[in-house]
Structure formats: structure tokens, C-alpha cells
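Residue numbers (the working numbering): 13 to 325.
Report on one structure; see the data block that follows.
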Amino acid sequence: MSLRVPSRKSQRSPWERRLALTRHRAGRLDPAVQGLLWTLVAGICFVLLNTLSRYLTTQIDPMQSQFLRYFCGLLVMLPLVWRSGLAAYRPRHIGGQFVRGLVHTAALGLWFVALPHISLADMTAIGFTTPIFIMLGAWLFLREPMHWERWLAALVGFGGVLVVVGPGLSASGGIYSLVMLASAPVFAASFLITKALTRHEKAGVIVLWQSIAVTLLSLPLALLHWQAPTAAQWAGYMVCGLLGSGAHYCLTRSYGVVDISATLSLKFLDLVWASIMGWLVFSEQPSQSTLIGGLVISASTLWIARRESRRNA
């Protein structure tokens, strides 16, 4: 009598089977829809990350805060590296990884300096200038096609951003608003390098080496004003590391399945999440202009998502 050896599939837990089924169904979605969903999840993670980072940066020097955020992001990824082995995370172009890390570190330095002095809604709205630079860069350097719908959705969404920011930008943020604005083209360059890297590297490899590069490059500036973090602050930065690594992974996955400019309009929804978190955590009441601009942004997002799905169909 022969014994029947249970298959690997039958040994899966109910949670593993549900996860596998979800991945299978998601893999059958239209690539444009997959890209938009990855971008949506990334946006939510980024807003939660920004909220917690802003709270922590009011207590710790911005450069040390930047270092701790990426150092903890590296720590939360180590179990994945241990499980898969170092060979699975060896980059094909290590020079490109550190170039991207250098550019991203410069953008983060500007961003963290301005972060404690600007409301979440204004900060997110100013960050929406980044898609304009990304679209131009993707068109000029990556030779991605720019359909008229993408230009229109981005311009309408950016118009919604101006509705939000226009009434109080100069009064509420002052010089820090300009510092935040200066980070936008630098972030755009970093994201364009990421898109180029996705042609040769996996998303996990890019996220891991971003954490390594930014951690190493941020350490010298962090040591200038170092203070010992409390246990609660360490816990907060570990959550930041988890959120940041997850957000960059989702964003990198979106770049791998669809043109970078096809997902940019969805980023404007981040303003809605930022307004909600600013109200809940910092008691920053959303203004009428924020609500109107959010509706304009949402409308452009839904419209471009529908157009992209029809084009791929």
C-alpha cells in the first residue's frame, strides 16, 4: 500500500491560499489597472509615512530623522533578504543604484528641512509639481508616449492643486514652501532613474539598495546634531521604515507594469488623504479651497483611469 504525500498546495494555510488567489486575480487585471492600484496603495502609505515623519521631525533634527527613517527601512527588509538570500538582491548595475540614492538623498534633505513647518495638505499639494517634471523627463529622456488624455488629466489635477495652495501658500509656509518646492524636480529625477532601473532590476532590489544608499549618505549629516532617540521614537521610525519600504515597493511595481506618466494623475488623490490625516492628527481644518481642489483632482483621476483602461482594452 502506497502512502499519499500531500502536495505543497494542500499544505497551505487558508491565509496563504487566499493570498495566492488574490495574486492570481490581480495578475489577470489590465496592466493599466494594475499600475493604478499599485500607485493608489503607494499613495496611502506615503501619506501615513509623511504624517508620522512630520510628528517625529518636530522632536528630532531633520537630518537625523531622515537617516533613522531609511535605517529602519533597511532593518525591516533584512528578514526578506535573509529568507531569499543575498544573491536574490544583488543588483546588476550597482552604480545606477548609488546614483539614484545620491539624487534621492538630496531631495529628501530639502523635504525633511521643510517638513515640520508646512501643513500636510500644503506639503502634499506642493509635491504635486513633481509629476509635471516627471512627465517632461519621461517624454524627453525615456521616450514615453504622451497621449493628450494624460496631459489633460495632469493639467486639470494640477489646477486643482493651485486651487488648494493658492490662497495661503505664501503666508502659511514662507521660505519653507520654496524649499519644499525645490525638492520637486530633484524627486522627479530620482523617480525617472527608478523607472530606468526597472528595465533591469526587480522592485525589491531597487527598494533595498535605495535604503542602503540613503542610509550611508545621510549618516554624516545626521551625526552633526545627533540625539539619543527614546524607545517610542525608535518604534515610530520602525513604523516609518515599514511604511516607506512598502510605499516605494508599490510605486516601483507600478513603474514596472505601465508607463510612468499613466499613473501620475492618481497621485493627486494623495491630497485627499493628507487633508484627512492633517485634520485627525494635527487639527488642521481643511479649507473650502482644499475641498474644491480635492473634487477637481478626484474627477481628473477617475477620468484618466477610465480612458487608460479603454485604450489598453
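The beta carbon of each residue, even a glycine, is placed where N, CA and C say it ideally should be.
Keep in mind it's a predicted model, so treat the numbers as computed, not measured.
In the structure shown, Val175 adopts helical secondary structure according to DSSP, grouped into three states.
Taking one beta carbon from each stretch, the region 104 to 122 and the region 215 to 231 have 3 or more pairs nearer than 8 Å; the two touch.
For Lys279, no alpha helix (DSSP H) encloses it, and the DSSP letter there is neither H nor E. Taking C-beta separations shorter than 6 Å and ignoring five residues to either side along the sequence, the partners of Phe199 in its chain run Ala119, Thr142, following chain order. In the three-state reduction of the DSSP assignment, Glu161 falls in the helix class. With a cutoff of 7 Å on beta-carbon distance, Leu278 and Thr51 are scored as near each other. By the Cβ test, the region 70 to 78 is not in contact with the region 145 to 163, since fewer than three Cβ pairs between them sit closer than 8 Å. In the DSSP assignment, Thr206 falls within the alpha helix (DSSP H) that extends over 187 to 209. With a threshold of 16 other beta carbon atoms within 10 Å, Trp163 falls short and is exposed. Contact between Val53 and Cys262 holds, with the beta-carbon distance rounding to 5 Å and staying under 8 Å.
Non-local beta-carbon contacts of Gly171 in its own chain, meaning distances under 7 Å to residues more than five positions away in sequence, involve Val308 in chain order.
A direct Cα-to-Cα measurement between Thr227 and Thr69 gives close to 17 Å.
In this chain, the alpha helix (DSSP H) harbouring His116 covers 106 to 126.
For Ser266, the uninterrupted alpha helix (DSSP H) segment begins and ends at 243 to 269. The DSSP-derived three-state label of Ile56 is helix. Listed in chain order, the non-local C-beta contacts of Leu236 below 6 Å within the same chain number zero, local neighbours out to five positions each way being set aside.
In this structure, the CA atom of Val45 is about 18 Å from the CA atom of Glu156. Counting along the chain, Ser295 sits inside no alpha helix (DSSP H), nor does DSSP assign it H or E at all. The straight-line gap separating the alpha-carbon atoms of Tyr67 and Ser96 is approximately 34 Å.
Straight-line measurement puts the Cα of Leu127 at about 11 Å from the Cα of Gly139.
Linking Met158 to Gln239 through their CA atoms gives a straight-line distance of about 48 Å. Per the C-alpha coordinates, the member of Thr210, His260, Leu174 positioned closest to Arg104 is Thr210. Each residue's CA atom was taken as its position, placing Val175 and Trp291 some 19 Å apart. Taking Tyr101 as reference, the option from Leu86, Leu114, Val115 with the minimal CA-CA separation is Leu86. Non-local beta-carbon contacts of Gly216 in its own chain, meaning distances under 6 Å to residues more than five positions away in sequence, are absent. Boundaries of the alpha helix (DSSP H) harbouring Gly216: 215 to 236, taken from the DSSP string. DSSP places Asp134 in the helix class (H, G or I) of the three-state scheme. Nearest neighbour of Ile205 by Cα position, chosen from Leu233, Thr264, Ile187, Ala259, turns out to be Thr264.
Membership of Thr142 in the alpha helix (DSSP H) is indicated by the continuous run 142 to 153. In summary, Gln78 is buried, with 16 or more beta-carbon neighbours lying within 10 Å of its beta-carbon over all protein chains present. Distance from the CA of Asp134 to the CA of Leu303, rounded to the nearest whole angstrom, comes to 13 Å.
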